[in-house]
Structure formats: structure tokens, C-alpha cells
Amino acid sequence: MKELICELKNYILESQQKATLSLNKELILLYWTVGNKILIAQEKTDFNSKSIDLLSQEIKSLFPQLTGFSSRNLKCMQRFAAEYPDLEFVQEVLSQLTWSSNITLLDKVKDKDERNWYIFKSIQNTWSRNILVHQIESNLYARQAINQKITNFMTQLPPPTNKLAVDMLKDPYIFDFISLTENMKERDIENALVQHITKLLLELGTGFAYLGNQYHLNVGGDDYYLDLLFYNLNLRCYVIFELKTGKFKPEYTGKMNFYL
1 MKELICELKN
11 YILESQQKAT
21 LSLNKELILL
31 YWTVGNKILI
41 AQEKTDFNSK
51 SIDLLSQEIK
61 SLFPQLTGFS
71 SRNLKCMQRF
81 AAEYPDLEFV
91 QEVLSQLTWS
101 SNITLLDKVK
111 DKDERNWYIF
121 KSIQNTWSRN
131 ILVHQIESNL
141 YARQAINQKI
151 TNFMTQLPPP
161 TNKLAVDMLK
171 DPYIFDFISL
181 TENMKERDIE
191 NALVQHITKL
201 LLELGTGFAY
211 LGNQYHLNVG
221 GDDYYLDLLF
231 YNLNLRCYVI
241 FELKTGKFKP
251 EYTGKMNFYL
């Protein structure tokens with residue numbers, strides 16, 4: 001009986017998720033179609049802002065229970081259809097994002113290459129609108145996609161892990177959720193990061209699982225402690241954070257190589 005209940009639970013949850021995705025896809029296609037019809041009407045007649053207001057009122061009178069057809073949203077549909085004339089791209093890609101995420105991308109990201117990058121990252125990482133806004137405002141595209149990253153990953157790691165590791169890096173990382181001061185000690189920084197572990201994981205990116213701080217290792221009878229230890233599910237490897245204040249010193253690399 002328990003096994004049957006578990007199977008049914010998983011099936012129901014999966015079906016609900018598929019239904020939600022299907023409804024979202026239909027909504028995005030509906031909004032694109034409405035926007036496209038408005039564009040066609042503008043080409044043929046003197047369809048203007050007042051016409052959109054009238055259209056909104058007519059739709060509300062025909063469908064009193066229907067939401068989402070305010071004048072403002074109709075103008076968003078018009079922009080959406082104008083920006084994405086390729087229906088196939090809307091069906092296959094943009095329908096995987098919520099309407100609010102699609103409009104956020106139109107409002108906040110004007111460069112098409114940059115916007116496309118955020119579109120595919122949003123789908124890949126299933127970002128909510130709030131997380132998408134955070135990533136845009138923290139300039140993730142510049143930090144992760146176009147910044148020149150100095151690493152030896154391409155020569156020292158096997159493919160495709162090497163490229164994936166490079167793609168995941170950001171320069172710089174932004175930890176503005178902790179209050180850094182000039183005389184802050186390394187342990188203080190560590191404790192502050194642990195206290196905000198959810199925000200830290202968001203900044204690190206996809207696939208990171210937090211395993212602990214001051215993680216104990218015993219090597220040859222000697223005790224060692226890792227500042228922060230993570231496991232990355234995408235890279236399938238451990239990631240160690242050794243926190244240091246001040247300028248970089250060569251011995252720091254030696255210590256990390258010893259741990260790894």
C-alpha cells in the first residue's frame with residue numbers, strides 16, 4: 001500500500017507540474033497572438049493608444065471574469081509580439097518562462113544577445129522572476145558570460161567538465177549581503193557567509209550543495225580544517241573555499257593543492 005501511495009503521489013505531482021507548464025505555454029501564445037493582432041491592426045488602420053483602451057474595455061465586458069487584459073498589459077503584448085516576430089521561438093523557448101519574466105527581460109535588458117543569454121539561463125536554472133531580477137541587477141551577464149577568466153581549467157580538467165567549470169565562474173563574485181569592513185578577520189567573513197548560506201548558494205550558481213564550514217580532514221594523523229566545503233552536482237566534484245584577506249600569496253595555492 002505504501003509503495004502504491006508513493007507512486008500515485010509522484011504521478012499526481014508530475015501531472016500537476018505538466019498541467020501548469022501547459023497552461024503557461026497557452027497563456028504566452030495567447031498574449032503573443034493578441035499582441036500580433038494589434039500590430040496588424042496598427043498597420044491597416046489608425047489604431048492608437050485610445051484604441052487599446054477601448055479594446056481593453058470591450059474584452060472586459062465580454063469576459064468579466066478574465067484578468068490580464070488591462071490597457072497596460074495589452075501594450076506589453078504588443079511589445080512582446082513586436083520584439084519576437086518568430087512564433088516558433090515563442091512556442092519552443094519563451095513559453096517556458098512566465099509572462100512576468102518575459103516582460104522583465106523586455107524592460108530591463110535591451111541588448112538582444114544579453115537578453116537571450118538570460119532567457120536560456122532562466123530556463124536552465126528555473127529562475128523565478130525575483131531571482132531573474134537579482135541576476136540582471138547584479139550584472140551577471142558581464143560577470144559570467146563576457147568577462148575574461150584566467151584559469152587553467154581548459155588544460156587541467158577533462159572535457160566537457162573543463163568548459164562547464166569555466167562557464168560557471170564569475171568575475172567578480174558579489175557578496176553584498178554581508179557587511180564587509182576593512183579590519184574584518186577571515187573567520188568573521190566565513191561566519192557571515194554561513195549565516196547567509198541561501199544567498200551565498202544563489203551567488204555561486206547552479207548545482208552547489210553546502211557540506212559545511214571548518215570541515216575536518218585527518219591526513220596522516222594530522223588535523224586540517226577547510227573553511228567552506230561544497231559539492232557541485234553538475235561538475236561532480238568537491239569545491240573548497242579558503243578565505244584570505246590581503247594580497248594573494250603563492251603558498252595559498254600550495255595549501256589548496258594539498259587539500260585537493
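Reading the sequence shown from the start, the letters are residues 1 to 260 in this note's numbering.
Cβ coordinates follow ideal geometry from the N, Cα and C atoms, glycine included.
Within 10 angstroms of the beta-carbon of residue 35 lie 16 or more other beta-carbons, which makes it buried. When beta bridges are read from the DSSP output, residue 63 appears opposite no residue. The segment 22–29 makes no contact with the segment 41–61: fewer than 3 CB pairs, one atom from each, lie closer than 8 Å.
By the Cβ-count criterion, residue 219 is exposed, with fewer than 16 other Cβ atoms from all chains shown falling within 10 Å of its own Cβ.
Measuring C-alpha to C-alpha distances from residue 237 to each of 209, 144, 173 identifies 209 as the nearest. In this structure, DSSP gives residue 216 an extended state, which the three-state scheme calls strand.
According to the DSSP assignment, residue 222 belongs to the beta strand (DSSP E) that extends over 222–232. Secondary structure of residue 40 (DSSP, three-state): helix.
Excluding five sequence positions before and after residue 233, the CB atoms of its chain that fall closer than 6 Å to its own CB belong to 207, given in chain order. When DSSP states are grouped into helix, strand and coil, residue 211 belongs to the strand group.
For residue 173, there is no enclosing beta strand (DSSP E), as DSSP marks it with neither H nor E. For the pair residue 96 and residue 135, the Cα-to-Cα distance works out to about 18 Å.
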